[in-house]
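Notes to accompany the following structure.
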Amino acid sequence: MQPLLLLLALLLPLGAGTEEIIGGHEAKPHSRPYMAFVQFLDKDKKRRCGGVLVHKYFVLTAAHCRGSSISVVLGAHNIKKQEMTQQDIPVRKAIPHPDYNPKNYSNDIMLLKLEREAKQTAAVRPLRLPTGKTRGDSGGPLVCNNVVQGIFSYGKGDGNPPGVFMKVSHFLPWVKRTMKRL
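So for the sequence shown, UniProt numbering puts the first residue at 1; every next one is plus one.
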């Protein structure tokens, strides 16, 4: 779990009090091939979130991670360096949950339809969705037994608990229906 937390902390926005890691260690390169780095413009300011590749054409993230010029980087170990394993893919369409409420972050979940399919490699591989029955960054996954169980929505700015996750299985009908339509 610690490598995942470190990776998620590295994806938090600048100024979120996460510029240094205390008690963490670097994750094994590409040990989380489903992780996505989501970049977008919000009022002409660059923003970033985490996400999880759930299908060759779809990334699941938080609905508040929406803006213009959205793109996704897959297969990155260090986002600050260009790596041969990285795939930079523009987003064709952002689909926030229809009941998303930005005032209280309810239903804070969104699908990103990629412009082209993600090429599966050792560094890029989708994570399974649950069957239907912490701390991290916005849009980042909570993973149990190699299945995405939650998408991080929000938490305290100082990094202390609690952190709020959207339970993915609750949104499965919407996720599957939306992915099938597109």
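Virtual Cβ for every residue (Gly too), placed ideally from N, Cα, C. The structure displayed is predicted, hence computed values, not measured ones.
| Item | Value |
| --- | --- |
| Run of the alpha helix (DSSP H) containing MET180, from where it starts to where it stops | This sequence places Lys at residue 180; Met is not what is there. From DSSP, the alpha helix (DSSP H) with LYS180 extends over 172–181. |
| Of the residues GLN82, PHE40 and ASN145, the one placed nearest THR131, counting alpha carbons only | ASN145 |
| Member of ALA62, VAL38, GLN82 and TYR34 whose CA lies at the smallest distance from the CA of LYS167 | ALA62 |
| Best match in LYS93, ILE151 and LEU127 for proximity to THR178 [C-alpha to C-alpha] | LYS93 |
| ILE21 in three-state terms, based on DSSP | With a pLDDT of only 47 at ILE21, under 50, the local geometry of the prediction cannot be trusted, and no value is derived from it. |
| Rounded Cβ spacing between HIS25 and GLY75 (contact assumed at less than 8 Å) | Going by Cβ atoms, the distance from HIS25 to GLY75 rounds to 21 Å, so no, they are not a contact pair. |
| At least 3 beta-carbon pairs within less than 8 Å: the region 97–109 vs the region 30–44 | no |
| CA nearest to the CA of ARG181, picked from LYS80, LYS113 and TYR154 | LYS113 |
| LEU41, buried or exposed, once every other Cβ within 10 Å from all chains shown has been counted against 16 | exposed |
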